[in-house]
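From first to last, the protein sequence lines are chains Y and B.
Here the first sequence is numbered in the numbering used here, starting from 420 and rising by one per residue.
Here the second sequence is numbered in the numbering used here, starting from -18 and rising by one per residue.
All residues carry an ideal CB built from backbone N, CA and C; glycine is no exception.
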Amino acid sequence: MTAGPSAGAVTRAEVCAVACAEAWRGDGEIMASPFGTIPAIGARLARCTFAPDLVLTDGEAALMANTPALTAGRDELVLEAWMPYRRVFDVVWSGRRHIMMMASQVDRFGNQNLSAIGDWARPKAQLIGVRGAPGNSLNHITSYWVPAHSTRSFVEHVDVVCGVGYDRAAAAGPAATRFHEVRVVVSNLGVFDFATPDHAMRVRSLHPGVGLDEVVAATGFTLVVPDDVPETRLPTPEELALVRDVLDPTASRDREVAP
Amino acid sequence: MTDKRTTVEDMVAEVADGMTVGIGGWGSRRKPMAVVRALLRSGARDLTVVAYGGPDVGLLCAAGRVRKAVYAFVTLDSIALDPHFRRARQAGAIEAAELDEGMFYLGLLAAAQRVPFLPTRAGLGSDVLRCNPGLATVRSPYGDGEELVAMPALDLDVAFVHCNRADTHGNGQLLGPDPFFDELFLGAARRRFVTAEKVVEPGRLLDEGPIQTITVSRLMTDGVAEVPGGAHFTSCAPDYGRDEAFQRRYVAAAADDDTWAAFEARFVQVDEAGYRAAVAEAADDDGAGTVR
């Protein structure tokens, strides 16, 4: 990997954190709802740098005015507004939100599964449930984070459609497509989007050190590969310092994506 | 005014086989667990359980009391998945109605408002419609003509919620940061019951917190009972946090039929006082965890 500016080489987890942060670039004053450690770092990083108006929750029932470390105690939080679960739905349905959910499975058109693996009537593995994914994906911008890119997570068809992808939204009609946007899928190997004529998943960038062959082999469907696939950008020195010293000083990111 | 004080045993005595039971709280937070424990002792069967699911759903599944679960998720928060619920689903032992969280909210709201359904985008295009074949869509009668999901009312026979404080008339007070959907569970139910850490005299709730924290009015309750530790082992902020050590014990009990039987004998087939004693003893074993 490319050497970092100061304290050691940039890790894959740090590249992923910046790639997640980039998902919220240009979103303005909306609620960023990250799930997973690295997206949580990413959303905080975005707010500390190029997306200062993002609104972040404290993980409980309030919005945070400050942007402390992931491990910050309750007494380190500066709260700016009340946001219990019931009010979160007001935000969801208003569209002023960009969520980055995790996906046990994601497919070619951005359908996501976190409900169950196998036959829904009697699943091989019951997972957490559809949660808010169906409504999130139809009401506001949705992105996904997959920390372990493999043919088990990137599948031809997800077993249970929770978050709605482009093909299923189109089939469901105008009420489904009106506010639907799956923006990016970030994995430990690269960044993927749907900027293709039929909204099939495309390689947007590969993380430094990742080969296209590796991604293709780890993906259970045919990815659209542009002629020129860029590298995911590296953190700036400022970003690296924020991630390492301010937002994630205990390096919890390394437990989600090995350095 | 009516003194609505009763006991948890009398509350659950109203739960007959086959009823639809709404349970307040969220995940492993402020669940009316003393009521769940009493339900486990009561023998009520073939229940339809409606909840933002946590160990309430898991315990009732493990004890074989659930015919159908209506939920958007089942989680223990600090532990992502509830193994008892998973076992029941993976064995095909229960019917499942898995809904989007917002659809679930609208279903309770529709029931509370006595309308047959409320429209929403949530569910369109997803497998929620495939997995719940009874769900229908409705076309807007206005110029837009949008076709939306008609989320049906989630009518409940009985609902249980756990509050931090209540008064003897059945007003309930939530001192933690999130009231969740407890008001709507009560609104959606024919019979409505509140347990509380402490029950005070009418007019004394303001000694405990500001007026906005009294979110449950006596219009919404038929009975109230004081049950200290009534949410254990889930959290009940600010009175107590989740008993993580006990929650891990609960998870470990799902390993097989024998571990569940041992857990059941020690923590389920006992009354509330026996439960608290058993939890205290277990906490000594663990060197951690408390029940209040």
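Are the CB atoms of residue j and residue i within a distance shorter than 7 Å?
i      : j        : result
B:A169 : B:L89    : yes
B:L156 : B:T194   : yes
Y:Q531 : B:R67    : no
B:V2   : B:A206   : no
B:G35  : B:S59    : no
Y:G514 : Y:N555   : no
Y:V643 : Y:A619   : yes
B:T149 : B:V130   : no
Y:A451 : Y:V662   : no
Y:G584 : Y:G529   : yes
B:T176 : B:A(-6)  : no
Y:A481 : Y:M502   : yes
B:N152 : B:E178   : no
Y:C581 : Y:A552   : yes
B:A19  : B:D(-2)  : no
B:G5   : B:F166   : yes
B:F248 : B:A259   : yes
Y:A432 : Y:V603   : no
B:A72  : B:L135   : no
B:F174 : B:M(-18) : no
Need the endpoints of the beta strand (DSSP E) that residue i sits in, please.
i      : result
Y:S562 : 560 to 565
Y:S452 : 450 to 453
B:A93  : From DSSP, B:A93 is part of no beta strand (DSSP E) but of the alpha helix (DSSP H) over 82 to 94.
B:R120 : 117 to 120
Could you have a look at residue i and say whether DSSP puts it in helix, strand or coil?
i      : result
Y:C467 : helix
Y:L659 : helix
B:F162 : coil
Y:D664 : helix
B:C217 : strand
Y:Q545 : strand
B:L200 : helix
B:T176 : strand
B:G3   : strand
B:G104 : coil
B:L137 : strand
B:Q154 : strand
B:E79  : strand
B:R273 : Residue confidence for B:R273 is low, a pLDDT of 45 falling below 50, so the modelled location carries little weight and cannot support an answer.
B:T29  : strand
B:L99  : strand
Y:V634 : helix
B:A212 : coil
Y:A428 : coil
Y:L653 : coil
Y:M420 : Note that Y:M420 has pLDDT 43, beneath the 50 cutoff, so the model's placement of it is unreliable and the number below is only indicative. Coil, per DSSP.
With respect to the alpha helix (DSSP H) encompassing residue i, which residues constitute its N-terminal and C-terminal limits?
i       : result
B:R67   : 64 to 71
B:E253  : 253 to 267
B:V50   : For clarity, residue 50 of chain B is Ala in the given sequence; the question names Val instead. Here B:A50 belongs to no alpha helix (DSSP H); instead the beta strand (DSSP E) covers 47 to 52.
B:G39   : 36 to 43
Y:V644  : It is not in any alpha helix (DSSP H) - Y:V644 carries neither H nor E in the DSSP assignment.
Y:V437  : 431 to 442
B:D(-9) : -11 to -7
B:S23   : 14 to 23
B:V232  : 225 to 233
B:R240  : For the sequence presented, residue 240 of chain B should be read as Thr rather than Arg. B:T240 -> alpha helix (DSSP H) spans 238 to 244.
B:R247  : Counting along the chain, B:R247 falls outside any alpha helix (DSSP H), and DSSP gives it neither H nor E.
Y:E675  : 672 to 675
B:V109  : 109 to 112
Sorry if obvious, but does the Cβ on residue i come closer than 6 Å to a heavy atom of the ligand MG?
i      : result
Y:G529 : You won't find the ligand MG in this model; it holds no ligand whatsoever.
Requested in this report: Decide yes or no for the touch test of the stretch 444 to 455 of chain Y against the stretch 607 to 617 of chain Y: beta carbon pairs closer than 8 Å, at least 3 of them.
Outcome: no
Query raised in the report: Unbroken alpha helix (DSSP H) runs of length 4 or more, entirely within the stretch 471 to 543 of chain Y: which are they?
Result: 504 to 513
Query raised in the report: Counting pairs of Cβ atoms below 8 Å between the stretch 212 to 229 of chain B and the stretch 181 to 199 of chain B, do you hit three or more?
Result: no
Query - Validate contact between the stretch 457 to 474 of chain Y and the stretch 436 to 443 of chain Y using beta carbons, cut 8 Å, 3 pairs - result: yes
Report task. Taking 8 Å as the threshold, find out whether the stretch 448 to 457 of chain Y comes into contact with the stretch 492 to 499 of chain Y through three or more Cβ pairs. Result -> no
**Report entry** contact_flag[the stretch 47 to 54 of chain B, the stretch 13 to 33 of chain B] where n(CB pairs < 8 Å) is 3 or more
**Finding:** yes
Query raised in the report: Counting Cβ pairs closer than 8 Å, one from the stretch 516 to 527 of chain Y and one from the stretch 35 to 47 of chain B, do we hit at least three?
Result: Judged by Cβ distances under 8 Å, the stretch 516 to 527 of chain Y makes no contact with the stretch 35 to 47 of chain B, as fewer than three pairs qualify.
Query raised in the report: Are the stretch 521 to 528 of chain Y and the stretch 557 to 576 of chain Y touching, with three or more C-beta to C-beta distances below 8 Å?
Result: yes
Query raised in the report: What are the uninterrupted segments assigned as alpha helix (DSSP H) that are 4 or more residues long and contained completely in the stretch 568 to 625 of chain Y, given in chain order?
Result: The stretch 568 to 625 of chain Y is shown to contain whole alpha helix (DSSP H) runs of 4 or more residues at 585 to 591, 593 to 596, in chain order.
Report task. Check whether the stretch 100 to 120 of chain B touches the stretch 77 to 92 of chain B, counting contact only when three or more Cβ pairs, one atom from each stretch, lie closer than 8 Å. Result -> At 8 Å Cβ cutoff, the stretches touch.
Requested in this report: Evaluate the contact criterion for the stretch 123 to 138 of chain B versus the stretch 584 to 596 of chain Y: three or more CB pairs, one atom per stretch, below 8 Å.
Outcome: yes
**Report entry** At least 3 beta-carbon pairs within less than 8 Å: the stretch 570 to 578 of chain Y vs the stretch 486 to 494 of chain Y
**Finding:** no
Query raised in the report: Does the stretch 90 to 101 of chain B touch the stretch 61 to 76 of chain B, meaning 3 or more C-beta pairs lie closer than 8 Å?
Result: no
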